[in-house]
Amino acid sequence: LAKTTQPISMDSYEGQEVNITCSHNNIATNDYITWYQQFPSQGPRFIIQGYKTKVTNEVASLFIPADRKSSTLSLPRVSLSDTAVYYCLVGGGSGNTGKLIFGQGTTLQVKP
Amino acid sequence: DSGVTQTPKHLITATGQRVTLRCSPRSGDLSVYWYQQSLDQGLQFLIQYYNGEERAKGNILERFSAQQFPDLHSELNLSSLELGDSALYFCASSVGPEYDGELFFGEGSRLTVL
């Protein structure tokens, strides 16, 4: 499974757009990129997944360049409730086995 | 609600003791994953089971063991407990044996070892 690198922490203000970038230089051809959100004392929750280009859902967008060695989670107009830890996870696709390893994640603090 | 149920939610015990944490996966999911999260630490992968068989192993201590039963629920057994074992233990489930992009996590079991 590809190793991921993310910033440890980020600060933002309510109403701003937040972009969190994850590096995954040794991503495999059949790996997907998935982002999870975790609130204190809760289990992580799936946000979005993509393979290449851009994916958008009701809560976020995921931008993946052509070389797929990085990805950027974009949260539009964040609110205080978006304060959480965000994890980038790379893997999946046929032929991948377990050992799903989460990195240290990015702690996002949204201020009023 | 993810559909994954973990019990107990909280557990306080003493060093040297043994505890069992239980996980019921989402209906239809055959894979169960166990993770440990200590204070200010990330999620540490422990072990994965698929349809009753061990599928992948992470940094699980020899004092810890797990199994998945025919009804697909799983138990994580922690023995000879040490202070450092105090953590949140999460169970997650997914449909198949291979990670397909979405894990469903339970609310966790918070273990405190005194």
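Chains A and B, in that order, are what the protein sequence lines are.
Every letter in the first sequence is one number past the one before it in my numbering, and letter 74, counting from 1, is 156.
Every letter in the second sequence is one number past the one before it in my numbering, and letter 16, counting from 1, is 1273.
Glycine included, C-beta positions come from ideal geometry on N, C-alpha and C.
Cβ neighbour criterion (16 or more within 10 Å) applied to residue i
| i | result |
| --- | --- |
| Tyr95/A | exposed |
| Gln88/A | buried |
| Val141/A | exposed |
| Phe184/A | buried |
Residue range of the unbroken beta strand (DSSP E) whose run includes residue i
| i | result |
| --- | --- |
| Gly132/A | Arg127 to Gly132 |
| Asp1342/B | Note, Asp1342/B: premise wrong, no beta strand (DSSP E); not H, not E. |
| Leu171/A | Ala166 to Gly173 |
| Gln1325/B | Phe1321 to Gln1325 |
| Lys151/A | Premise fails: Lys151/A is in no beta strand (DSSP E) and is neither H nor E. |
| Ser101/A | Residue 101/A is actually Asn in this sequence, not Ser. Run containing Asn101/A: Val100 to Ser105, per the beta strand (DSSP E) assignment. |
Neighbourhood of residue i by C-beta distance below 8 Å, restricted to the same chain and skipping five residues each side
| i | result |
| --- | --- |
| Lys134/A | Ile146, Ala148 and Arg150 |
Helix, strand or coil at residue i according to DSSP, with G and I counted as helix
| i | result |
| --- | --- |
| Leu1371/B | coil |
| Leu162/A | helix |
| Gln1301/B | strand |
| Phe1361/B | strand |
| Gln121/A | The displayed chain sequence assigns Phe, not Gln, to residue 121/A. Here Phe121/A sits in coil by DSSP. |
| Ala142/A | coil |
| Asp93/A | strand |
| Glu1355/B | coil |
| Ile183/A | coil |
| Ser1284/B | coil |
Cβ neighbours of residue i in the same chain (closer than 6 Å, five flanking residues each side left out)
| i | result |
| --- | --- |
| Arg1367/B | His1267 and Leu1345 |
Item to check | chain B contacts from the stretch 123 to 156 of chain A (Cβ-Cβ distance under 9 Å) | outcome: Residues passing the 9 Å Cβ filter: Ser123, Gln124, Gly125, Pro126, Arg127, Phe128 and Gln131.
Next on the checklist: Against chain A, which members of the stretch 1344 to 1360 of chain B pass a CB distance test of less than 9 Å?
Outcome noted: Taking 9 Å as the Cβ-Cβ cut-off against chain A, the residues of the stretch 1344 to 1360 of chain B that qualify are Leu1345, Phe1347, Cys1348, Ala1349, Pro1354, Glu1355, Tyr1356, Asp1357, Gly1358, Glu1359 and Leu1360.
Checklist entry - Closer than 7 Å, Cβ to any Cβ of chain A: which residues of the stretch 1285 to 1306 of chain B, in chain order? => result Across the stretch 1285 to 1306 of chain B, CB contacts with chain A closer than 7 Å involve Tyr1290, Gly1299, Leu1300, Phe1302 and Gln1305, in sequence order along the chain.
Item to check | Interfacial residues, the stretch 104 to 122 of chain A to chain B, with Cβ spacing under 7 Å | outcome: Listed by position along the chain: Tyr114 and Thr116.
Item to check | Residues in the stretch 1269 to 1286 of chain B having any Cβ partner in chain A nearer than 7 Å | outcome: Residues passing the 7 Å Cβ filter: none.
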